[in-house]
Structures are given as structure tokens and as C-alpha cells.
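Working notes for the structure below.
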Amino acid sequence: MFILFLGMLPPAAVADNTGVGAAGRAFRGIVEENNPQLGYITLYNDDGTGTDPEKRIELIELRTFNYAPDPFVKVTKNYRQAEPGDISAGDLAFIRLDDEGRVVEISAVSNFTPRYGKVISKKPSSITVRYDDGSVQLLAVNSEVIFIAEGRVVDYSALKEGDRVRLLLEITPGATVIREVTIESGRHHISNIYRGSIERINTVSRSITIRNLEVFSRGMWVRTGVSAYSTIKLADEYFIYENNRKLDIETAARYYNYRDAYIAVEKDYGGKERAVVLSYINKSDSEIIINDSIESANTSYGLITLAGSFKALNFGEGSIIVKDGRLVTGLSLSEKDTAYIAALRDYYSGDYFAAIVQVSSRTSSQPEIYRGRIRSINEFRDFTVESFSRLDGTSWEYANTPKTFKITYDTRILDDKGLVNPRNFVGYGKNSYVGRVVYIVASETDALLVSTAPFGPGGTHVKGMVYEMTGLVTDESGQPIDGPTGLGIARVKYFDPEDFTWKDNPEMELNLLENTIFLKGDKIIEARDIKKGDEIRVYMGRNGNRGDAYIVMVEE
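Take the sequence shown: its position 357, counted from the start at 1, is 357 in the numbering used here, and no numbers get skipped.
See below:
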């Protein structure tokens, strides 16, 4: 940075010996620096000229202007009255001088450059972005950056590694500054990772036919239950790899049929799954599944070290790395990330290659669940229960005091016939809800869901793995569109309240009601969001090895 001897210049004047002080002259350029405390602004040409470091003295003489504070100088920004401090580096500015060469007006407009890419690494004060042209840039993030998702301003925490973004940048010779980050919608989240034999790739319809499809769920391969052959179309942007080597679709279609592969898919706007990454498996390699946390990830060498097993795994372009549901690169892997890993052991060298790395938070955070008898209802506003019990692990903690819950636009109400219109949630008439016992899923005092599911002495806590789904209706590609109405769970344990232990139990059958509550982490989900292989905890009315499920919590 060059040094300005501002004390040698008269106030509100252009630098000496410039020849730019002629009466009424105006100048246009891009702001390189603006310092309202010291009262100067430096421009360079908007066509990019005049920025040669060897000509710094010339720049000082020609493009540094001193100004006095308001009210002596009129300042506008984006066609509105503004303060001198509102003008930022990168703005396109117009400076007008009076007959004596004093700055009398500064007018500026934002001069942003839009760029598109994917966040491949996120730190507390910076992000690394891979642009669509393949270039990578590290950008500083501060409190002035605006983040937008689904048309709303959000916090920095809403931005995740793997998100596609639109950046508005102010680009100057000295720096690139982020002004705005727009996060694309969640349709680019990875919905499933599959394994199967690629029978055919159709280059015309851009689709792949797969035999014996299995889905990767919590570190296990689970049969999908669809027919022996499944067809998945390729996404608009897709990648095909073999031994970390990128293939074009024609080569893959001609030479790589009848080979096993891993396939990562996302859902399009219509809810159909589309293949984003197809990574072939070498027939001679053997697969092992690892559930561990990451001790270190060396992106320079493409090496992951695990904390528990102390295994060193290679990774590369052909690795399918998913973090928080987003497809990312090895740059996004961090210490203490917990991951399910499908690793391939090379037949000749014995080295391990991380073919799939599925990272998730695995937190057990959930909204509060209450149970109580409704005493009164203020339509569309709130309702109060006479007393309440709060679910704490496997026990209902009773409080002999009323509690009021707010009814919001997002509150859902379920009874034995399904979803209830909020206008029918009233405290009068033959369909009054006053006096009825309900479950309430709440965030602080906001009621997220109200359900009339049964309760009683037969309430039991069980947990197990979903191995069967009855009454499930799917489309031609095997995606659920309705149901299921029942679940079969294996590896069951039930909680015995007499000695406070979990005990083994044979397989169980769960009947899902119209007012069964389904939760995953802190989110309310539908029955069709449950998948084979999911580990679930259930509060149910048990009758032997079957019963009605009142609350189903899918573990992450």
C-alpha cells in the first residue's frame, strides 16, 4: 500500500500537479480505497487500466481525491442520499469538482461481479469456493456479508460445505470482497447412496440400469425392495469415475457394463432421484465397512487417518464424500467428524481406499414432547393444558401446573383421521378438543405438532432396526409416495421400568396410526421418510410382539 501525505494537500482539493483541477471537471472510476476519517478516495479506471504497481506515483497524482465531510460534499449511493462511509471498494464512482478543483459531489453505485460455484471448505472467518470454471478461491467472511437462502436472509451457520452458491463480489486489484452469498435450494442434497451392478448406460436417455440395488444406511447395505432391475436418470451435472479417472458417458457405456458401482443420487424438483456420481468398483477389491471418527485428513496427499481403528485410507476424485447431506470434497473433512465409510482394499497392495465417506452430526437433539389434557383453546392463537408430563428419555416427568402453547402458522394437528384443518381445532361444539388428552411436540412454547394418539398404562419404549415396511406405495422408480402403514423391526430391545434396563426381544410388528408422530432429530417427518435399515426408538402400546406406535423417533 502506498503512503499519502495528506497534510500537504489543501482540504477538499485534488492532488497537486495533476491538471485535473480545471473548472467543473468530473471523473469516473472504480473505488480502490475510501477513507472517510482522513477524507480521501482513490479510483482506478473502470476498464481495468491504470492499476500497474510500477505506476503508483502516477495513480496518486491522477486518482486520489481529498474531500471534506458533509455538508460540504453531496454523497449518493445507489441513487439515494448517503454518507461518505457508505462508499465501498469496488463501487463504480463519479466525482465532480467545482471551478476551484474542490470535490463537491461523490456519486457511487454498487459494482458487483456475480460468480457461481460450490463451497468446498468452510471456516469461522473464510470459505473456499470451487467456481464452475474449475478455479478455486479462498474468500474472507465477516459480519457485513449477507447470506440468503430461499428468499430470506439467514445466518452464516446456514451455509454448509457442499452448497452451491451465487456470490456477489467486489473485485479490486488489491482484494476480492464478498458482499452477498445466495445459497441454492436443498434439491442438490444427496438423498441416497446405492450399490449395484451397472447393466447398461443409455447415452440417449442419459440413464443407467442397475441390478440388485442396495442402499447405504447407517453403515449397512440394505436391499431396497424394488424389482431386480432399476433405472435412474443422470442429473444435469454428473460424474463417472473408474480408479479415480474421470470417464465420459460414451466410454462408460461401451466398456463398463456388468460392473459393480457406487451411485450417489439427488432428487430433482419433481422428487425423482437423479444420479450425480457413479464410481466403479474393481472386481478384485474387497469391501469393509467402518464406523469411526476422523483423526486427520491430509488433502495434499489424499489421506484420511481414523481415530479408533488407526487405519489410513486413501481418497480421491472417485470417492463419494457426503457431509450433512451434501456432496463435498476431501477439503471438507475435519477432525472429529464421525463417518460411516465403505473402504475398498486393493488386492495387490493391501492399501485401503475410501470409496464412500458419509459424515453426519449424529446428534440426538430433539424438540420437547409433552402430554396433557386440554383445558382451553384460543382459536389460531394458543391452547392451555391443565397439567402436563414431559418425555425425558424413557420416563414421563409429571408437573401439576398448567402450560400454554402457541399456535403458529406451522402448527400441525393430527387426529385419528389424519391432518386436521387448524380452523377445526376449537374448544366448543360436538367436535371440541377441550378435555382431550394430546401429545405436543414443541420448540420452547411454540406447538409444532399436536396429536391425539392414544396413551395409557400399556405404553412401552422399544428400539430396533427397520427390516420390513408394509403398505408402502412406490412409483415406478421405487420412490415412496404413500405409507407405510406398518413396520417390522429386528434386533429389538424394550425398556423394563422395573429394573431400568433394556432387554432383548424377538422381532416386533408396529402398526402406524393416522396420528402417529414421526421425528428425526429436531425435524417432524412423514412415515414415507423412514427407510429400511433405520434405527428407531418407539413409544408404543405393546401387546406381545406387536402394537400401535404412538411416537417414532428415527436416530441419526
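C-beta atoms are modelled at their ideal positions from N, C-alpha and C, and glycine is treated no differently.
Only a predicted model underlies this, so the values are computations on that prediction, with no experimental measurement involved.
I'd like to check one pair, residue j with residue i: are the Cβ atoms closer than 8 Å?
i	j	result
Val-466	Lys-520	no
Val-441	Phe-455	no
Phe-112	Glu-170	yes
Asn-314	Gly-219	no
Asp-563	Ser-360	Residue coverage of the chain in this structure runs from 1 to 556, which leaves residue 563 outside it and unanswerable.
Ile-198	Ile-232	no
Gly-196	Glu-180	no
Ile-304	Leu-333	yes
Ser-451	Asn-515	yes
Thr-203	Ala-275	no
Lys-122	Leu-97	no
Thr-224	Ser-293	no
Glu-184	Arg-164	yes
Tyr-262	Ile-320	yes
Asp-346	Asp-285	yes
Ile-281	Leu-327	no
Arg-537	Lys-463	yes
Lys-283	Ser-191	no
Ala-453	Ile-517	yes
So is residue i buried or exposed if we call it buried at 16+ other beta carbons inside 10 Å?
i	result
Asn-34	buried
Asn-66	buried
Lys-246	exposed
Lys-523	exposed
Ser-217	buried
Phe-353	buried
Pro-506	exposed
Asn-543	exposed
Ala-175	exposed
Gln-358	buried
Arg-491	exposed
Glu-100	exposed
Tyr-539	buried
Ala-22	Here Ala-22 scores only 40 on pLDDT, less than 50, and its place in the model is too uncertain to base an answer on.
Ser-364	Annotation note: pLDDT 49 at Ser-364 (below 50); position unreliable, coordinate value reported separately. That one is exposed.
Glu-32	buried
Between residue i and residue j, what straight-line distance do the alpha-carbon atoms span, to the nearest angstrom?
i	j	result
Asp-529	Ile-481	10 Å
Tyr-229	Ile-146	47 Å
Leu-138	Arg-115	14 Å
Trp-396	Pro-402	16 Å
Gly-541	Val-552	12 Å
Asn-298	Leu-234	31 Å
Gly-418	Glu-335	44 Å
Ser-389	Glu-273	42 Å
Ala-527	Arg-546	18 Å
Leu-92	Arg-28	7 Å
Thr-411	Tyr-433	15 Å
Pro-173	Arg-102	27 Å
Gly-302	Glu-237	24 Å
Leu-331	Val-385	50 Å
Leu-472	Thr-485	7 Å
Asp-534	Glu-468	10 Å
Asn-78	His-189	37 Å
Ala-549	Tyr-439	13 Å
Tyr-428	Asp-415	17 Å
Ile-148	Gly-90	21 Å
Asp-133	Phe-239	15 Å
Val-177	Asn-212	50 Å
Ile-201	Ile-489	36 Å
Arg-206	Gly-308	41 Å
Glu-250	Asp-260	18 Å
According to DSSP, which residues form a beta bridge with residue i?
i	result
Val-385	Ile-374, Lys-403
Asp-351	Looking at the DSSP assignment, Asp-351 forms no beta bridge with any residue, so it has no partner.
Ile-551	Ile-517, Tyr-539
Glu-287	Leu-344
Asn-34	Ile-41
Ile-106	Val-75, Ile-95
Phe-27	Ile-95
Glu-170	Val-177
His-461	Tyr-539
Using 8 Å for Cβ pairs, my map puts residue i next to residue j. What's the rounded Cβ distance?
i	j	result
Pro-367	Leu-448	6 Å
Leu-167	Val-129	7 Å
Gly-318	Asn-421	The pair is not a contact, with the Cβ atoms about 51 Å apart (cut-off 8 Å).
Val-141	Tyr-156	7 Å
Ile-356	Ile-369	About 34 Å separates the two Cβ atoms, so there is no contact after all.
Arg-25	Tyr-44	About 18 Å; that fails the 8 Å criterion.
Val-75	Ala-82	5 Å
Glu-161	Ile-106	Contact doesn't hold; Cβ gap of about 40 Å is too wide.
Ser-461	Thr-394	As written in the sequence, residue 461 is His, which differs from the Ser given in the question. About 5 Å separates the two Cβ atoms, so the contact holds.
Please indicate yes or no: does the CB of residue i lie closer than 7 Å to some heavy atom of the ligand NAP?
i	result
Ala-89	This structure simply doesn't include the ligand NAP, nor any ligand for that matter.
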